[in-house]
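Colleague:
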Amino acid sequence: MLTVTDNARTAVEDLAQQAGVPDEGGLRIAQSAGQPGNFELALVPAPQPDDQVVDESGATHVFVEAQAAPALDTLTLDTDPAAQGPGFVLTPQA
């Protein structure tokens, strides 16, 4: 299952709070349409029924689309220190 670093968890929480996302909402990672290996990240008010709930600590939630879950099973979601503004990276789990 995808893991989430503390830095990413804090960034998701901050973004969701700034965007006014409800407590049951969070960050959803889904497969990009027509582009295998590319993923879309979006703040959503709630997970889809078949989404995998990766992180459910407090008001922070990370959801993975069922179709994208196998590709993300061995990865970690972290913040991107080189990004201008909020950014995330997926890296292999240690």
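86 is the number that our numbering gives to position 86 of the sequence shown; each next residue is one higher, with no gaps.
Note that CB positions come from ideal geometry on N, CA and C, so glycine has one too.
In this text the structure is predicted, and so the values were computed from the model without any measurement.
(1) Cβ of residue 182 within 7 angstroms of Cβ of residue 30?
(2) To the nearest angstrom, report how far apart residue 24 and residue 46 are at their CA atoms.
(3) Assign residue 95 to one of three DSSP states: helix, strand, or coil.
(4) For a test of the three-state rule: what should DSSP assign to residue 15, helix, strand or coil?
(5) Using alpha carbons as the reference points, say which of 12, 3, 1, 6 lies closest to residue 87.
Modeller: Put simply:
(1) Residue 182 lies beyond the range of the chain shown here (1 to 94); nothing can be said about it.
(2) The residue you call residue 24 lines up with position 24 of the sequence shown. The residue you call residue 46 lines up with position 46 of the sequence shown. Looking at the two C-alpha atoms, the distance is approximately 6 angstroms.
(3) Nothing about residue 95 can be read from this structure; the chain reaches only from 1 to 94.
(4) To locate residue 15, count along the sequence shown from 1; it is residue 15. DSSP places residue 15 in helix when its eight states are reduced to three.
(5) Here residue 87 corresponds to residue number 87 of the sequence shown, with the count starting at 1. The residue with the shortest Cα to Cα distance from residue 87 is 12.
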